[in-house]
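Engineer:
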Amino acid sequence: MGDLLLERLAPLLGAGQASDSLLRVLCRAATVAVERHAAVARGIGDTDEWVAALTPDRAPADSLVWLAQWTGAPAVAGVTRQQIKDHQVLRRGRPASIRTAVAATLTGGRNVMITERAGSAYRLLVQVYADECPNPPASEAAARSQTPAMVVLAFQVLTGQAIGRVEGLYATVGAAEAAYATVGDAESDH
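Numbering of the sequence shown is given in this note's numbering, commencing with residue 1 and proceeding in unit increments.
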């Protein structure tokens, strides 16, 4: 593939430069990372091999790490086709992408509360519940990974619970009142 690149560059080069051994080495080095995947693409046998090689559902399993880098998904061993398809890089900055990224780090109900323009423009508040957040730094990092650079993010782990969560636990107001002596008791029970 490096020789093909050199051949294509030849018309742009001066006399004798196309035979330069250093240039040949550089062309080969520039294409070595793609060479294996080009062979994979040719081996798929599809009419448009590169489309097949760059489509998560059709790419060979051993090419998924390589494919992940093109979408911004984590390029690590074990990356799945679904992770590549679901990666949020193109939806970065939207509340749904922030919520999805943070929820992936949570347990239980995976509740993520987002307040846009928290106090003023270009501010964002992301809140999660402590009992659903086993790793607050990872959750905050997930929120930051989806937050645009010009937006100031505040991340909070709430130790209490919202009244809406309590409503789902008890059939009647009387049952909730019987469980908690004060509103403070209800808010601090997690």
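Beta carbons are placed, not taken as given, at the ideal position from N, Cα and C, and that holds for glycine.
Note that the coordinates shown come from a computational prediction; the quantities given were computed from them, not determined experimentally.
1) Going by beta-carbon coordinates alone, are S145 and L106 separated by less than 8 angstroms?
2) Rounded to a whole number of angstroms, what is the C-alpha to C-alpha distance between V79 and E132?
3) Take the Cβ of Y129 as the centre, count every other Cβ of all protein chains shown within 10 Å, and call the residue buried at 16 or more, exposed below.
4) Pick helix, strand or coil for H190, following the three-state DSSP scheme.
5) Looking at P137: is its Cβ nearer than 8 angstroms to the Cβ of R92?
6) With 16 as the cutoff for other CB atoms within 10 Å, does T71 come out buried or exposed?
7) In three-state DSSP terms, what is A149?
8) Using the Cβ count rule (16 or more neighbours within 10 Å means buried), how would you classify N111?
9) In whole angstroms, what is the alpha-carbon distance linking V183 and A101?
Structural biologist: This is what the structure gives:
1) no
2) 25 angstroms
3) buried
4) The predicted model places H190 with a pLDDT of 49, which falls under 50 and marks its position as unreliable; any figure quoted below should be read in that light. In the structure shown, H190 sits in coil (DSSP, three-state: anything other than H, G, I, E or B).
5) no
6) buried
7) coil
8) buried
9) 32 angstroms
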